[in-house]
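A.B. asks: Provided herewith is a single structure, encoded as structure tokens, for subsequent inquiry.
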Amino acid sequence: MPRSPGQGSLFERLEADASPARIYTRQQQAAARVRAIEQHLQWLLNSRQGCSLSSPELGLRDFNDALAGTADLMLQLRGEIEVMVRQFEPRVTVLGVRACSHPERPLDLHFRMDCIVPVHSTEEQVEIDLVISHRNQQAHIA
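Numbering (my numbering), first residue to last: 53 to 194.
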């Protein structure tokens, strides 16, 4: 049975076996909205520039062959993340993206994005932690 209109992503709504939508509390709705945004951000950050013919600016550049130092790479990626989220995630108002260090995983690139997410008639300030793994260059939302 299809879900009610507006509930879940397009692919979730097309899923024939999906259970019907149920009524959620405001907190559950807010948490589900933030989770959906985080999933979309992960898809965005795992795409690479030039892979979409209709939107060539979509995605992060391939930093595998980066000649710049780590500090320069962090600054460049921070800027790219901020610009891409502003362009391709309309549910989020980006306040800033900053590079962070993580003592347990020093080879991974860590970023914290401060943003505002509209939930119902209010705006919630949310921090989203982004990690780009050095092994496979995959972005994860922490």
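We put the CB at the ideal spot given by N, CA and C, even for glycine. Since we're looking at a predicted model, the values are computed, not measured.
Grouping DSSP H, G and I as helix and E and B as strand, with all else coil, what is R157?
C.D. replies: Translated into the one-based positions of the sequence shown, residue 157 becomes position 105. Here R157 sits in coil by DSSP.
A.B. asks: Is Q190 helix, strand or coil when you go by DSSP?
C.D. replies: Reading the sequence shown from its first residue, position 138 is the one you call residue 190. Coil, per DSSP.
A.B. asks: Kindly indicate the opening and closing residues of the alpha helix (DSSP H) around E176.
C.D. replies: Here residue 176 refers to the residue found at position 124 when the sequence shown is read from its first residue. Looking at the DSSP string, E176 is not in any alpha helix (DSSP H); the run it does join, the beta strand (DSSP E), is T174 to I184.
A.B. asks: Under the three-state reduction of DSSP, which class applies to G131: helix, strand or coil?
C.D. replies: Residue mapping note: residue 131 aligns to position 79 of the sequence shown, counting from 1. Residue state, collapsed to three classes: helix.
A.B. asks: Could you name the residues of the same chain whose beta carbon sits closer than 8 Å to that of L161, not counting the 5 residues immediately before and after it, in chain order?
C.D. replies: Here residue 161 refers to the residue found at position 109 of the sequence shown. So the list reads L125, M126, L129, A151, V183, I184 and H186, once near-sequence residues are dropped.
A.B. asks: Take S99 and list the residues in its own chain whose beta-carbon comes closer than 8 Å to its own, dropping the five residues that flank it on each side.
C.D. replies: For the purposes of this step, residue 99 is taken as residue 47 along the sequence shown, with counting starting at 1. Answer for S99: L110, G111 and L112, listed in chain order.
A.B. asks: Excluding five sequence neighbours on each side, which residues of the same chain lie with their C-beta closer than 7 Å to the C-beta of L119?
C.D. replies: Sequence index remark: in the sequence shown, residue 119 carries index 67 (1-based). Unreliable placement is indicated for L119, whose pLDDT of 47 sits below 50; the coordinate value is still reported in the next sentence. Nothing meets the Cβ criterion.
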